[in-house]
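Numbering (my numbering), first residue to last: 16 to 92. The beta carbon of each residue, even a glycine, is placed where N, CA and C say it ideally should be. Before any comments, here is the structure.
As structure tokens, this is what we get:
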């Protein structure tokens with residue numbers, strides 16, 4: 016595992032799951048990226064309450080050059 020400190024923005028791509036193929040810029044090579052998708056709410060109470068599905072993508076440490084790759088974690092909450 017490469018633990019070299021990297022600063023600045025790098026290209027990354029998400030692999031698998033609902034955000035498959037999504038490209039973005041990341042800073043400092045985060046270990047995990049969280050993706051949320053809004054869910055329709057019926058008869059939501061006042062106050063701005065909303066529901067979102069949460070998906071996690073974990074960094075693939077075998078990829079050390081851009082674009083960094085983050086794989087879908089099937090055990091996401």
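With the rule of 3 Cβ pairs closer than 8 Å, the stretch 61 to 72 counts as touching the stretch 38 to 52.
For the pair residue 82 and residue 27, the CB atoms are nearer than the 7 Å cut-off. Taking residue 78 as the centre and dropping the five residues before and after it, the same chain places the C-beta of 84 closer than 7 Å to its C-beta, in chain order. For the pair residue 52 and residue 66, the CB atoms are not nearer than the 7 Å cut-off. Note on geometry: alpha-carbon atoms of residue 41 and residue 56 lie some 31 Å from one another.
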